[in-house]
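In our numbering, the protein residues as written are 34 to 420. Even for Gly, the Cβ is constructed at its ideal location relative to N, Cα and C. Note that this is a predicted model, so its numbers are computed, not measured. All remarks here apply to the structure that follows.
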Amino acid sequence: MEYTIALYICLAVLGAILFIGSSRRSANETAFFDRISSKEVQGALAVFIIFHQTVVALDANHIDTGDLAFFYYYGILAVSFFFFSSGFGLIKRWMTDRNYIKGFMRKRIFTVLVPFFICNYIYLTDALVNNIIISKHFGFGEVICSFFGIFLVNNEMWFAVEIMILYVAFRAVFARVKKPLTGIIIMTLVVLIMMTIGLFSGHSDTGVMSYWFKGEWWYNTIIMFPVGMLYAYKEERVNKVIRKAFVSILLASSILVVLMDHIHRNLVSKSIYWTEYYDSANPILDKLLGLGQETLYELVFLIFVITLMSRIKIGNPVIRFFGKISLEIIMLNYLMIDKLYFLYDQYGIGVYLPAVVAATIVSASLVYLIKNIVLERRSGLFDGKVT
């Protein structure tokens with residue numbers, strides 16, 4: 034019963050921060066997906082990811098989370114939207130401002146690099162202190178590699194590494210190409226190479242100091258990055274189709290999301306990405322099956338979301354605030370899940386989950402402010418600007 038109530042409260046919170054202040058979009062608006070609106074959706078999804086990661090962590094501790102397990106299955110959808118929005122935003126800015134590449138390192142890559150290393154050193158310090166307490170020590174090489182981010186002290190930092198790789202690739206490609214489609218094709222090839230590396234890398238045997246590309250999360254959502262770029266390139270044509278066939282597309286995508294959800298839950302229950310540990314004859318084929326299904330799932334989900342956004346205009350100060358610190362939330366969430374676990378033992382999910390959310394938001398805000406100081410930016414937490 035406690036988990037059921039927690040689920041309803043979480044869904045109510047997500048619904049409130051997403052739809053309070055929303056309005057019907059004018060029929061005259063031909064563009065309904067931009068950096069501002071996508072960043073606002075990311076704000077809500079960042080809070081969703083807190084719920085998702087908390088449930089995943091509890092499940093890893095063999096705790097039955099009851100109805101709250103609802104959040105277990107949808108992390109990939111949230112992350113797919115992040116990659117899709119990133120791809121969309123980058124190519125859109127490049128097409129409208131060919132000087133966008135100038136200063137790209139500082140505008141985009143350093144924006145991720147700085148908070149990544151701040152969070153990385155927080156995790157590294159925590160890991161070293163914990164291992165001193167239990168009289169276990171990392172090797173010198175492991176510490177050095179972790180210090181420079183070559184090893185991930187905590188695997189939840191993977192998203193920042195991968196998005197930086199994509200940014201660097203984008204900078205290299207679009208500094209040279211003149212036609213957007215050519216660049217999109219090259220970026221798609223880069224992403225496919227990254228997915229192949231992840232597919233054959235398997236999983237890490239340890240929860241700390243993991244190599245890059247260990248785990249399916251490195252490759253089962255990243256294809257949405259070039260998909261977002263392609264949408265930006267063909268945005269006007271796609272939007273015309275959505276507006277013309279709104280009801281049909283919304284209905285079809287809704288049905289497909291439900292169908293794909295059912296299939297996805299079944300694949301997850303069979304540990305489709307982990308069959309190498311269960312003497313499967315063809316673990317790579319199993320992974321490809323999971324990847325294929327999840328890719329279709331993400332596509333129909335994104336179609337559903339964009340179709341909704343063609344009629345609904347969201348926006349409020351809370352969601353803008355969360356959008357600003359969404360990257361920092363993703364990176365710091367697991368630290369709070371771990372450090373506040375004693376609250377779960379003592380008081381249950383009703384105290385633990387709100388504490389995790391609050392602590393994650395506060396710590397993410399602090400890292401965001403430090404990042405801005407380092408990058409000499411004036412953007413504040415509550416000024417509503419998208420950076």
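Taking just the CA atoms, how far does residue j sit from residue i?
i	j	result
N366	I177	24 Å
F334	V290	6 Å
E73	H236	33 Å
L40	T393	19 Å
A208	G120	16 Å
G356	S179	28 Å
R298	G108	12 Å
H95	L373	17 Å
M228	E249	9 Å
E327	M293	8 Å
L263	L324	20 Å
A102	Y310	24 Å
F114	V145	17 Å
V186	A314	32 Å
F184	L157	10 Å
A93	D378	15 Å
S287	I275	14 Å
D67	S359	17 Å
I16	F137	Nothing about residue 16 can be reported from this structure: the residues present for the chain run from 34 to 420 only.
N164	G172	12 Å
D464	K247	One cannot answer for residue 464 here, as it falls past the ends of the chain, which runs 34 to 420.
F117	I336	11 Å
L283	A77	21 Å
V162	L47	36 Å
Run the CB neighbour count on residue i, radius 10 Å, all protein chains shown included, and call it buried at 16 or more, exposed below.
i	result
K24	The structure shown does not extend to residue 24, since the chain is modelled only from 34 through 420, so no value can be given for it.
Q75	buried
G174	exposed
Y306	buried
V390	buried
P259	buried
I438	Residue 438 lies beyond the range of the chain shown here (34 to 420); nothing can be said about it.
A429	The chain is shown from 34 up to 420; residue 429 falls before or after that span and cannot be answered.
N188	buried
V224	buried
S302	exposed
Y380	exposed
K277	exposed
H295	exposed
A111	buried
I42	exposed
A205	exposed
E268	buried
I352	buried
Out of the options, which has the shortest C-alpha to C-alpha gap to residue i?
i	options	result
V384	A397, V395, S396, I370	I370
A90	S398, I382, L47	I382
I142	I358, I198, S304	I198
K320	F116, N163, L300	L300
A265	Y401, L408, L214, S286	L214
V280	I339, D130, L47	I339
T129	K211, R270, F103, D159	K211
K273	E35, L47, A64, I42	A64
G231	V147, M262, E195	E195
E361	L324, A193, D312	A193
Y503	L402, A77, S118, F81	For the chain, the structure presents residues 34 to 420; residue 503 sits outside this window and is missing.
Y244	S302, E268, F181, L283	F181
L376	D67, T87, V112	T87
E35	D97, I69, A93	D97
A79	I282, L402, F354, I406	F354
I124	P316, L110, G261, L322	G261
M364	W127, M190, A93	M190
D159	H85, L368, R126, D92	L368
V406	V147, I69, I38, N132	The question names Val, but residue 406 in the sequence shown is Ile. Answer by Cα proximity: V147.
L386	S71, S304, Y401, I83	I83
T37	N132, D100, S304, M138	D100
K404	R126, R139, F203	R139
R126	F203, A77, G172	F203
A285	R270, L47, L341	L341
S71	L47, G122, V162	G122
Determine, using beta carbons only, whether residue i comes closer than 8 Å to chain B.
i	result
K372	The structure shown contains no chain B; it is built from a single protein chain.
Three or more beta-carbon pairs under 8 Å between the segment 345-352 and the segment 52-70, yes or no? yes
Counting pairs of Cβ atoms below 8 Å between the segment 324-333 and the segment 244-259, do you hit three or more? yes
Take every Cβ of the segment 225-236, pair it with every Cβ of the segment 148-158, and state whether three or more of those distances are shorter than 8 Å. no
Which full runs of the alpha helix (DSSP H) of 4+ residues lie inside the segment 304-366, going along the chain? 316-342, 350-357
Take every Cβ of the segment 184-203, pair it with every Cβ of the segment 220-227, and state whether three or more of those distances are shorter than 8 Å. yes
Does the segment 40-51 come close enough to the segment 392-406 that 3 or more CB-CB pairs lie under 8 Å? no
Sequence ranges, alpha helix (DSSP H) only - wholly within the segment 96-160, length at least 4: 108-129
Unbroken stretches of the alpha helix (DSSP H), 4 residues or longer, contained in the segment 193-278: 213-234, 257-266, 268-277
Identify every run of the alpha helix (DSSP H) within the segment 367-408, keeping only runs that are complete inside it and at least 4 residues long; order them along the chain. 374-380, 382-407
Contained beta strand (DSSP E) runs [length at least 3] in the segment 275-299, N- to C-terminal order: none
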